[in-house]
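Structure record follows, encoded as structure tokens.
2 protein chains.
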Amino acid sequence: MALIVQKYGGTSVGNPERIRNCARRILETQRAGNQVVAVVSAMSGVTDGLIKLAKEVSPEREPIEREMDVLLATGEQTTIALTAMAINALGGKAVSLTGAQAGISTDRVHTKARIVNITPDAVKKMLDEGNIVMLAGFQGETASGEITTLGRGGSDLTAIAMAAAIKADLCQIYTDVDGVYTCDPRVVKTAKKIEEISYEEMLEMASSGSKVMQSRSVEFANKFGVRFEVRNSMNNNPGTIVKEETPGMESVVVRGVSLERNQAKVTIDDVADRPGISAAIFGAISQANITIDMIVQNVSHDGITDISFTLGAAELPKAEAALKAVLPSLGDKTTLRTQSGIAKVSVVGIGMRSHSGVAAKMFKALADAKINIQMISTSEIKTAVIVEESEVENAARVVHTAFGLDA
Amino acid sequence: MALIVQKYGGTSVGNPERIRNCARRILETQRAGNQVVAVVSAMSGVTDGLIKLAKEVSPEREPIEREMDVLLATGEQTTIALTAMAINALGGKAVSLTGAQAGISTDRVHTKARIVNITPDAVKKMLDEGNIVMLAGFQGETASGEITTLGRGGSDLTAIAMAAAIKADLCQIYTDVDGVYTCDPRVVKTAKKIEEISYEEMLEMASSGSKVMQSRSVEFANKFGVRFEVRNSMNNNPGTIVKEETPGMESVVVRGVSLERNQAKVTIDDVADRPGISAAIFGAISQANITIDMIVQNVSHDGITDISFTLGAAELPKAEAALKAVLPSLGDKTTLRTQSGIAKVSVVGIGMRSHSGVAAKMFKALADAKINIQMISTSEIKTAVIVEESEVENAARVVHTAFGLDA
């Protein structure tokens, strides 16, 4: 008998029929001789509907965050009740637990709380009584009993954290794709499903645009050593196992290629090359709550340099406004240039650590396809380049082929 | 400074605009120098939508009641969050509390739990910190932390029970009418709002079809001496005060006239007049979970009698089925007759105790209008008659006039 945590996203529980399908799958898992905790998200569309209501009752200001959490937590509470009902209707035995009831304690940072502790006594007791436990994802409770939510990707985090707390044998993240692919199959027809991927690779893929899961859940799994499987709730195909790095994994140099569209570039020309300049620029950006990606600064000539960085195109107006305020302090001739309509292509793989020539091979493949590289950024297990948005799909295809990833 | 509990029903919070109207009213009450706890129901239509979903995921059986409570509790949780947001957006300071967070402890009878205890520490603390407390109606928590709901009229009960627990100075039940009327104004144009009514009268009015509130909330208020006001959330008119009986109240003989439509009558003819017969009849009815109203048994002739009772017309088929099973045991010639298309008119008033001739005056008014009385039932403060459904409105009007209730 194994102890299994499953997680079903909003699409998988998007209507009564789909809820019943999930209920059947959960029940089959239990009947195969396992104990099951199933984490569910809000039905797709429900959270957006609640946010719309919140904005309508609070037009003067952003809805206050404490109450946003009370509101949004109803989405998952609805799904746990409906799924537990469905399982019982199908002849099974299920009980639902909210985050608070399941002992998920968080800090007090409403709308993006962090889990500080899990006391899984209620979950264990209900499992031991033969129940399937339907657990509300995305939510928890502060020490003083206030409802909190965990922010984006919160339901995945609930599943992985609960799997760690109850020492589950298996954690399955059900989604609407078969697993993690070597590239987006809509772009690269020859992309194939990855059987096993390390936490680090999964993190780099996520940060490079392959949004199967939010990075924080993968980071949590990495920290607590929770091996999990990303699989499809609509079929029985095996998925992708995400786990600690094993020696054999390094034999594959590049695990996957990911692409991220709608990027923009900001270049600050003729900046004085003296201490405090970068701090002034990125302090202004950070204060405006803008998340940036690549930063490139080249060597200076005559005490003058250029600094470029990339960010999501939607953030560009905010970034321009923030920088204009500090521009005069950066240098006498400092100017600001921006460009949208660019995209990022990354190759990711822990094998890069022990294999040289990955960047060279990537650049050659792009050059052969006459694709110009605008910026380059590398990490230990990733090489990323910025290209024209119109060329990103072709870039992904040629790189995918160059590293032998085609099925 | 007064401590006020207000309650707003589903229609009053039925959309974002109405929620903001309630928020304004609540905030005005606080700004007038009071502490305010506001109890809200689910937005109108929400509970029905959730019940529909429950039936869709559980077509094989009634959705299990534990999960029904988890599901339905989301309705009020949504409203408390939205109303608290609206109050904050309007410049006030509000926090929401679910039933569990507010310390409302109930028994374990899911979907119709009873409040066993209220620990209002969190409510008091939040009030003392200058907050308006938005409290979810209709819900509580068992000693072991499971979510329960209180059944029909549950939000009124939450308001009255919390008012008792925190020793509120005033409890206002906001609804979509101006208060309790001497009769349904849609039927009797001259009906007027009652300024004060005793708990007993309110109970008899409720049980006679004037469904401003469920009886159990009035009973609870009576038991704990909670004086409350029924008033309209759409205007500022004074409402009806429901309170303990005072000597002056008896000077009005009849407080109001109520009518109840869609009644049916069951007559069992030629029943042997011996011990156990009534028990057999009403035992069968009770086992079928049918609620009955009037019972009439006349004196017997030659050891044979007739028994009649009334009930809601919708329950008639169930009652017939239940009785047919026991009919042979009631007497050799026993037969069953049923009649629907009848209605009940009642006059209610604690003044009846000390005034004679109420029944006679009622019967004369009906006789003058050529309305035939089919059955009569009386209590200490009520006289009720059954008439043809087609005559019930006219009956209510002539009785209303006869007792001097016309405005």
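From first to last, the protein sequence lines are chains F and E. For the first sequence, position 212 matches number 211 in numbering that gives the first Met the number 0, and the numbering has no gaps at all. For the second sequence, position 173 matches number 172 in numbering that gives the first Met the number 0, and the numbering has no gaps at all. Quick reminder that beta carbons are idealized off the backbone N, C-alpha and C, glycines included.
Val4 (chain E) and Gly139 (chain F) have their alpha carbons spaced roughly 29 Å apart. Ala287 (chain E) and Lys317 (chain E) have their C-alpha atoms spaced approximately 7 Å apart. Listed along chain F, no residue sits closer than 7 Å to Leu326 (chain E) by beta-carbon distance, the nearest being about 37 Å off. In the DSSP assignment, Leu258 (chain F) falls outside any alpha helix (DSSP H) and lies within the beta strand (DSSP E) extending over 255 to 271. For Gly144 (chain E), a Cβ of chain F is located within less than 8 Å of the residue's own Cβ.
With a contact defined as Cβ atoms closer than 8 Å, Val346 (chain F) and Met361 (chain F) qualify at about 6 Å. For Arg215 (chain F), no beta strand (DSSP E) encloses it; the enclosing alpha helix (DSSP H) starts and ends at 214 to 223.
Within 8 Å of the CB of Ser57 (chain E), the CB atoms of chain F belong to Met84, Ala85, Asn87, Ala88, in sequence order along the chain. For Glu66 (chain F), the chain E residues whose C-beta falls within less than 7 Å of its own C-beta are Ala80, Ala83, Met84, Ser95, listed in chain order. Residue E:Ala368 holds the alpha-carbon nearest to the alpha-carbon of Val386 (chain E) among E:Ala368, E:Ala401, E:Phe402. Boundaries of the alpha helix (DSSP H) harbouring Leu49 (chain F): 45 to 56, taken from the DSSP string. Of all residues in the segment 97 to 108 of chain F, those with a C-beta nearer than 7 Å to a C-beta of chain E are Gln100, reading in chain order. When beta bridges are read from the DSSP output, Met133 (chain F) appears opposite F:Ala37, F:Ser95.
Straight-line measurement puts the Cα of Ser40 (chain F) at about 15 Å from the Cα of Thr73 (chain E).
For the pair of segments examined, the segment 58 to 78 of chain F was found not to touch the segment 118 to 126 of chain F: the number of CB pairs separated by less than 8 Å stays below three. Around the beta carbon of Lys192 (chain F), 16 or more other beta carbons lie within 10 angstroms, which makes this residue buried. One Cα belongs to Arg226 (chain F), the other to Ala167 (chain F), and the distance between them is close to 10 Å. In this structure, DSSP gives Asp120 (chain E) a helical state, which the three-state scheme calls helix. Segment contact: the segment 13 to 24 of chain E against the segment 52 to 62 of chain F, three or more CB-CB distances shorter than 8 Å; contact assigned. In the structure shown, the three-state DSSP call for Gln100 (chain F) is coil.
Using a C-beta cut-off of 8 Å, the segment 212 to 225 of chain F makes contact with the segment 149 to 162 of chain F, since at least three inter-stretch Cβ pairs fall below that distance. Asn231 (chain E) sits in a strand when the DSSP states are folded into three classes. Relative to the Cα of Glu64 (chain E), the nearest Cα in the group E:Ala93, E:Arg352, E:Val357, E:Ile50 belongs to E:Ile50. At a cut-off of 8 Å between C-beta atoms, Arg215 (chain F) does not count as an interface residue with respect to chain E.
DSSP places Val346 (chain E) within a strand segment (E or B) once states are collapsed to three.
With contact defined as three or more Cβ pairs closer than 8 Å, the segment 392 to 403 of chain E and the segment 250 to 258 of chain E are in contact. When DSSP states are grouped into helix, strand and coil, Asp175 (chain E) belongs to the coil group. For Phe308 (chain E), the uninterrupted beta strand (DSSP E) segment begins and ends at 303 to 311. The alpha-carbon separation between Lys222 (chain E) and Glu27 (chain E) amounts to approximately 31 Å. Between Met212 (chain F) and Ile240 (chain F), the C-beta spacing is not below 8 Å. Judged by DSSP in its simplified three-state form, Gly282 (chain F) adopts helix. In the DSSP assignment, Lys381 (chain E) falls within the unbroken beta strand (DSSP E) covering 381 to 387.
For the segment 5 to 39 of chain F, the beta-carbon criterion of a distance under 7 Å to any beta-carbon of chain E is satisfied by Pro15, Ile18, Arg19.
The beta carbon of Ala112 (chain F) lies closer than 7 Å to those of Thr105, Asp106, Gly139, Thr147, Thr148, Leu149 in the same chain, with the five residues before and after it left out. Look at Pro62 (chain E): its C-beta is under 8 Å from a C-beta on chain F. Of the candidates F:Thr118, F:Ser307, F:Leu2, the residue whose Cα lies closest to the Cα of Val35 (chain F) is F:Leu2.
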